[in-house]
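Notes for the one structure printed next.
So, in structure tokens, the structure goes:
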């Protein structure tokens, strides 16, 4: 029996609707469209995980106002030199060719953050009197950044350790042969500095054969208010 015109149209519509429903369910549910299926991709953009933003000296967060961003990294054994970064400026590094065995020190103005001087002191074969002449005349408020390389302590005497204590160090009392040490202090500090790390040289725990692992420390050091005139 042949179908009449209206009945034939109804059957065709039912078949088309059933095919669309089955296809939509099978190929992705009600959120997908036939257009997206034949296009091979969804129209929605793929989200890309953003890289964490880095701030001055590689910090993960910005420093508050009137603070300086810093990062201090001690040397690795006697091979990789130390680094001292302040406000996104590399003060001491192997690339700048101004690192040396012993203590690597950068001085900065505690009011403005301006770099004053960088110097290295060989604490294995050098003369500790050079270090004493460098530390004794520091002005009130001067910021002192220290990173060790190879051996920071063999030539340290009681006066040198006392001068670092006056800058806020507590670890310098026990600092010994080939220890790793990073420190940030200031002339005239009232309390002990919160910016200090020491890794003891120990045969049982050393990362390298004769040296402990390198230390890395970063943070925000507050500026001092200008002196009233």
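In mature numbering (1 follows the signal peptide of the UniProt record, and there is no 0), the protein residues as written are -23 to -1, 1 to 206. For glycine and all other residues, C-beta sits at the position ideal for the given N, C-alpha and C.
At which residues does the beta strand (DSSP E) containing residue i begin and terminate?
i, result
"residue 99", "Segment: none, residue 99 is in no beta strand (DSSP E) and carries neither H nor E."
"residue 148", "Residue 148 -> no beta strand (DSSP E), and no H or E assigned at all."
Could you tell me the boundaries of the alpha helix (DSSP H) in which residue i lies?
i, result
"residue 159", "Premise fails: residue 159 lies in the beta strand (DSSP E), 157 to 163, not in any alpha helix (DSSP H)."
Is residue i helix, strand or coil when you go by DSSP?
i, result
"residue 112", "helix"
"residue 138", "helix"
"residue 104", "coil"
"residue 60", "strand"
"residue 35", "helix"
"residue 202", "coil"
"residue 117", "coil"
"residue 173", "strand"
"residue 143", "helix"
"residue 19", "Note that residue 19 has pLDDT 43, beneath the 50 cutoff, so the model's placement of it is unreliable and no number is given."
Tell me, please, which residues DSSP counts as bridged to residue i.
i, result
"residue 124", "81 and 159"
"residue 48", "62 and 195"
"residue 92", "85"
"residue 53", "57"
"residue 69", "61"
Do you know offhand how far residue i's Cα is from residue j's?
i, j, result
"residue 17", "residue 37", "Reliability of the predicted coordinates at residue 17 is poor, the pLDDT of 41 falling under 50, and the value obtained from them is presented with this limitation in mind. Those two C-alpha atoms are separated by around 40 Å."
"residue 84", "residue 165", "14 Å"
"residue 90", "residue 192", "23 Å"
"residue 79", "residue 99", "4 Å"
"residue 34", "residue 200", "17 Å"
"residue 81", "residue 180", "25 Å"
"residue 47", "residue 126", "18 Å"
"residue 14", "residue 29", "Only weak support exists for where residue 14 lies, its pLDDT of 29 falling under 50; the coordinates are left without a value."
"residue 202", "residue 196", "19 Å"
"residue 157", "residue 173", "11 Å"
"residue 55", "residue 160", "19 Å"
"residue 110", "residue 150", "20 Å"
"residue 198", "residue 94", "18 Å"
How would you call residue i, buried or exposed, if buried means at least 16 neighbouring beta carbons within 10 angstroms?
i, result
"residue 60", "buried"
"residue 49", "buried"
"residue 154", "exposed"
"residue 72", "exposed"
"residue 117", "exposed"
"residue 147", "exposed"
"residue 41", "exposed"
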